[in-house]
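Single-structure report; data block below.
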Amino acid sequence: MKIVVCVKRVPDTTTALRIGADGKSIDESGVQWVMNPYDEYALEEALRAKEKAGSGEVILLALGPAETQAILRNGMAMGADRSILLKTDAKNWDPWSIASALAEQIKPLGADLVLFGKQAVDGDFGQVGSIVAGILGLPVASVVVKLEINGKDVVATREIEGGLEHVAMSLPAVASLQKLPYEPRFASLKGIMAAKKKPIEEKAAPAPSPKLEIVKIENPPQRPAGRIVGKGTEAVPELVRLLRDEAKVL
Amino acid sequence: MPKNIVAFVEQRNGEVRRSSWEALGLGRKLATEMKLGLAAVVVGHNLAPIGAQAAEHGADTVLLADSPDLAAYSSDGYGRAVAQAAAKADAAAVLVVASAMGRDLAGSLAGALSTSCAMDCTGVAFEGGRLVVRRPVYAGKAIATWGVVSTPAVISIRPNAFEAAKPQAGRTAPSEALALDVSKAGLRSVVKEVVAGVGKKIELTEASTIVGGGRGMKGAGDWKPENWKLVEDLAEVLGGAVGASRAIVDAGWRPHEEQVGQTGKTVAPNLYIACGISGAIQHLAGMRTSKYIVAINKDAEAPIFKVANYGIVGDVFEVLPALTNEFRRVLGK
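Protein sequences, first through last, are from chains L and P.
Under the numbering used here, the first residue of the first sequence is numbered 1, with each subsequent residue one higher.
Under the numbering used here, the first residue of the second sequence is numbered 1001, with each subsequent residue one higher.
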């Protein structure tokens, strides 16, 4: 079982966000960088699938600056076998550009399964996996909460409004993963030592050809100052009156 | 030159997703500004009644990809059908609602059209001769504006962010069948089963009212599942959905599908009632674009009060039942 897991270096979700001086990016000073949380679930799923199959290889693929090495090293400490880094300092990557660069790398690898997180928590686009599948002509399921592999058959369980749907595909296939019922494993000391010897193949990424161009990025609008209606149950009739007569939301 | 804005009308088993009419509402606005027509595309089986509804909601033409092989959703089948509709209608833009199906479809459609989808937009405008979209990034901690540099644009819109098209009874529009080369055997992924009350529960991301519960719903002592009934009762009387904070999802008290926040769902209802929620950054990121926010918390210093329009400082175990009763009385339920 050969599995490619595409991972992205993103700011930690607990980091406060400041808009950069150019008004088109975020201020990177003091930002803590981590592997995109949903990609960690994808990696955990890949490691479990390899373990279940009894043999195979888990390959990490990332596109980003040289510092992306740190999250690849961490992913290999969790258990991935090797990494490919498409190095770039360009900032104007959009989903189509990222997906075409990744697809070109994935194609010759002959993977059985290509996994993504359901979205990166920076751009929140949630589509690179689907575009890669389109380029490679592979079946895809997005926002997957469970992946069952039996021989060549895969059943992916997706979250939909008020329920779940089961999507049947056959390998090779692409899936993007939602948070799973189990947490990604921590790297063991042994894993960390082993990861130091695992290879990261560095290549220059192609120039992006974006279909979406950033115009500006800004702080969300401030909410108008609210008010405390009162204390305890006594305030309830007044709250309901305000919602009905002032806010008109009832 | 493109001729149409194309809006995807989502249906499952013959039932239209309500927020699809928001795509038609936005489609009409853009079509007027760009001097284009408005085409609706519906994919599935036995679609004539839905085509008629799309006409009543303002479509100038209705494109139907109607086939038993498309009765169940498949990302590539539906993706190819909508891509074909975009080509046939000579689309300047394809609008899709960012629902579970819409997001999946939008990604496959972007792949089929060799472009990027502007996902989950809260604003779309025609400015300086091109489409410009606004969308939350970093789960709403920032808002980004993007210019679309390819045609057709693929745009998915956040539910509740745009005004729905109002139906005009008896309005009709010519309908055309799309001749598709999709057969079931050719489809790469197929939904073979849908489980659990689909359509019965109100979906969080589309609800116009949400009652959210947080750690404060635990009260003194251990977590008791019946505490949650206070949240559910309030949601029920308002016809709303129920949401949960990360704290109580991580504690295993509520399922992840109810989680509102950066690693859960981003919601924008007309009314969000936060019950016993302190207001952590990642929770606020997921609900701060709600039109009205009400907070009920016993801690007057809780950050949630900073974003709330109205607040009650008090014990959720006393305030919630009183509030549910008062709503029941006022709404005559």
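Think of the CB as a built atom: it goes at the ideal place given N, C-alpha and C, for glycine as much as any other residue.
So is GLU161(L) in contact with chain P if we call contact Cβ pairs under 8 Å? For the purposes of this step, residue 161(L) is taken as residue 161 along the first sequence, with counting starting at 1. So yes, GLU161(L) belongs to the interface.
Going by DSSP, which residues form a beta bridge with ARG227(L)? In the first sequence, counting from the first residue as 1, residue 227(L) sits at position 227. Residue pairing by DSSP puts ARG227(L) in a beta bridge opposite TYR1310(P).
Please work out which residues of its chain come closer than 7 Å, Cβ to Cβ, to SER254(L), disregarding the five sequence neighbours upstream and downstream, and give them in chain order. No information on residue 254(L) is available, as it lies outside the stretch 1 to 250 that chain L covers here.
DSSP three-state assignment for ARG158(L), whether helix, strand or coil: On the first sequence, position 158 is the one that residue 158(L) refers to. Strand at ARG158(L).
Do three or more CB pairs link the segment 1084-1094 of chain P to the segment 1034-1051 of chain P at distances below 8 Å? These segments touch.
Name the two residues that bound the continuous alpha helix (DSSP H) containing TRP1223(P). Counting from one through the second sequence, the residue named residue 1223(P) turns up at place 223. Judged by DSSP secondary structure, TRP1223(P) falls outside any alpha helix (DSSP H); it is assigned neither H nor E.
8 Å Cβ shell around LYS107(L) - same chain, five flanking residues per side excluded: Numbered from 1 along the first sequence, position 107 holds the residue referred to as residue 107(L). Counting only Cβ-Cβ distances below 8 Å, and skipping sequence neighbours, we find LEU136.
For ALA1093(P) versus LEU1030(P), is the C-beta distance shorter than 8 Å? Reading the second sequence from its first residue, position 93 is the one you call residue 1093(P). Reading the second sequence from its first residue, position 30 is the one you call residue 1030(P). Here ALA1093(P) is near LEU1030(P), since their CB atoms are less than 8 Å apart.
What residues in its chain sit with their C-beta under 7 Å from that of ALA1177(P), if we drop five residues either side in the sequence? For this step, residue 1177(P) is matched to residue 177 along the second sequence. In the same chain as ALA1177(P), and ignoring 5 residues on each side of it, the C-beta atoms closer than 7 Å to its own belong to LEU1064, ASP1066, in chain order.
Restricting to Cα atoms, I'd like to know which of MET1101(P), GLU1193(P), VAL1237(P), ALA1072(P) is closest to VAL255(L). Nothing can be reported for residue 255(L): it is not among the residues displayed for chain L, which extend from 1 to 250.
Contact set for ARG1130(P): own chain, Cβ-Cβ below 8 Å, skip 5 residues either direction: Residue 1130(P) sits at position 130 when you count from the first residue of the second sequence. Excluding residues within five positions, the ones whose Cβ falls inside 8 Å are GLY1147, VAL1148, VAL1149.
Just to make sure I have the definition right: I need the residues of chain P whose C-beta is within less than 8 Å of the C-beta of ASN231(L). Which are they? As a working mapping, residue 231(L) is identified with position 231 in the first sequence. The residue you asked about is not Asn; residue 231(L) is Lys in the sequence shown. Correct list: ILE1312, VAL1313, GLY1314.
Measuring only between beta-carbons, confirm whether SER1099(P) sits less than 8 Å from chain L. Taking the second sequence and counting its residues from 1, the one referred to as residue 1099(P) is at position 99. SER1099(P) counts as touching chain L.
Say whether the segment 1316-1327 of chain P touches the segment 229-242 of chain L, bearing in mind that this needs 3 or more beta-carbon pairs closer than 8 Å, one atom from each stretch. Contact between the segment 1316-1327 of chain P and the segment 229-242 of chain L is present, because at least three Cβ pairs lie under 8 Å.
Could you check whether VAL1260(P) and GLY1239(P) sit closer than 8 Å to each other, using their CB atoms as the reference points? Position 239 of the second sequence, counted from the first residue, corresponds to residue 1239(P). Position 260 of the second sequence, counted from the first residue, corresponds to residue 1260(P). It is not a contact, given that the beta carbons lie outside the stated cut-off.
Cross-chain neighbours of GLU1326(P) in chain L, by beta carbon under 7 Å: The count along the second sequence starts at 1 and reaches residue 1326(P) at position 326. Under the 7 Å cutoff, chain L gives VAL236, PRO237, VAL240.
Collapsed DSSP secondary structure at LYS146(L) in the structure displayed: Working through the first sequence from its first residue, we reach residue 146(L) at position 146. Reduced to three states, the DSSP call for LYS146(L) is strand.
Host alpha helix (DSSP H) of HIS1283(P) (start-end): The residue labelled residue 1283(P) in the question sits at position 283 within the second sequence. Where HIS1283(P) is concerned, the enclosing alpha helix (DSSP H) starts and stops at 1281-1287.
Closest Cβ-Cβ distance between THR1032(P) and chain L: below 8 Å? Within the second sequence, the letter at position 32 stands for residue 1032(P). No, THR1032(P) does not count as interfacial toward chain L.
Going by DSSP in three states, ALA1031(P) sits in which element: helix, strand or coil? Indexing the second sequence from 1 puts residue 1031(P) at position 31. In this structure, ALA1031(P) counts as helix in the three-state DSSP scheme.
Of the choices ALA133(L), GLY126(L), GLY123(L), ALA42(L), whose alpha-carbon is the least far from that of GLN105(L)? As a position in the first sequence, residue 105(L) is number 105, starting the count at 1. When each option's Cα is compared against that of GLN105(L), the closest is ALA133(L).
Out of ALA80(L), LYS190(L), LEU242(L), which one is the CA nearest neighbour of VAL5(L)? Mapped onto the first sequence, residue 5(L) falls at position 5. When only C-alpha atoms are compared, the closest one is ALA80(L).
Separation of ILE1293(P) from VAL229(L), as counted between CA atoms: Your numbering for residue 229(L) matches position 229 in the first sequence. Your numbering for residue 1293(P) matches position 293 in the second sequence. In this structure, the CA atom of VAL229(L) is about 13 Å from the CA atom of ILE1293(P).
Here's the rule: buried if 16 or more other CB atoms are within 10 angstroms of the residue's CB, otherwise exposed. What is LYS216(L)? One-based indexing of the first sequence puts residue 216(L) at position 216. Around the Cβ of LYS216(L), a 10 Å sphere holds fewer than 16 other Cβ atoms; the residue is exposed.
Using a Cβ cut-off of 9 Å, pull out every chain P residue sitting near ASN219(L), in sequence order please. Your numbering for residue 219(L) matches position 219 in the first sequence. Chain P residues near ASN219(L): LYS1141, ALA1142, ILE1143.
For LYS1200(P), which residues from the same chain have a beta carbon less than 8 Å from its beta carbon, with the 5 sequence-adjacent residues on both sides left out? As a position in the second sequence, residue 1200(P) is number 200, starting the count at 1. Annotation note: pLDDT 49 at LYS1200(P) (below 50); position unreliable, no value reported.
Can you list, in chain order, the residues of its chain with a C-beta nearer than 6 Å to that of ILE1296(P)? Leave out the 5 residues immediately preceding and following it. Residue mapping note: residue 1296(P) aligns to position 296 of the second sequence, counting from 1. Closer than 6 Å at the Cβ level, and outside the excluded window around ILE1296(P), lie CYS1275, ILE1312, VAL1316, VAL1319.
By Cβ distance, which residues of its chain are closer than 6 Å to VAL1249(P), with the 5 residues on each side in sequence left out? Indexing the second sequence from 1 puts residue 1249(P) at position 249. Result list for VAL1249(P): HIS1256, GLN1259, in chain order.
Pick from ASN1270(P), ARG1028(P), ASP1076(P), ALA1055(P): whose alpha carbon is nearest that of SER1175(P)? Counted from its first residue, the second sequence places residue 1175(P) at position 175. Of the listed residues, the one whose Cα sits closest to SER1175(P) is ALA1055(P).
Give me the chain L residues within the contact set of SER1114(P), using Cβ-Cβ distance strictly less than 9 Å, ordered along the chain. Here residue 1114(P) is taken as the residue at index 114 of the second sequence, counted from 1. Neighbours of SER1114(P) in chain L, taken as residues whose beta carbon is under 9 Å from its own, are TRP96, SER100, ILE131, GLY134, ILE135, LYS211 in chain order.
Using a Cβ cut-off of 7 Å, pull out every chain P residue sitting near SER29(L), in sequence order please. Numbered from its first residue, the first sequence carries residue 29(L) at position 29. Listed along chain P, no residue sits closer than 7 Å to SER29(L) by beta-carbon distance, the nearest being about 16 Å off.
Comparing C-alpha positions only, which one of ASN1270(P), LYS1298(P), ALA1280(P), THR1289(P) sits nearest to ARG244(L)? Position 244 of the first sequence, counted from the start, is the residue given in the question as residue 244(L). Out of ASN1270(P), LYS1298(P), ALA1280(P), THR1289(P), ASN1270(P) has the C-alpha closest to the C-alpha of ARG244(L).
Chain-order list of residues whose beta-carbon lies under 6 Å from that of VAL1198(P) (same chain, five-residue window excluded): Start at 1 with the first residue of the second sequence, and residue 1198(P) comes out as number 198. Low per-residue confidence applies at VAL1198(P): pLDDT is 46, beneath 50, and the placement is therefore not dependable enough to give any value.
PHE1305(P) versus chain B: which residues are under 8 Å apart at the beta carbon? In the structure shown, chain B cannot be found, because the protein chains are L and P.
Helix, strand or coil: which one does DSSP assign to TRP1021(P)? Taking the second sequence and counting its residues from 1, the one referred to as residue 1021(P) is at position 21. The three-state secondary structure of TRP1021(P), taken from DSSP, is helix.
Sequence-distant residues of the same chain with beta carbon closer than 6 Å to ASP1104(P), five excluded per side: Walking along the second sequence from the start, residue 1104(P) turns up at place 104. Spatial neighbours of ASP1104(P) in its own chain (CB-CB distance under 6 Å, excluding positions within 5 residues in sequence) are listed in chain order as SER1075.
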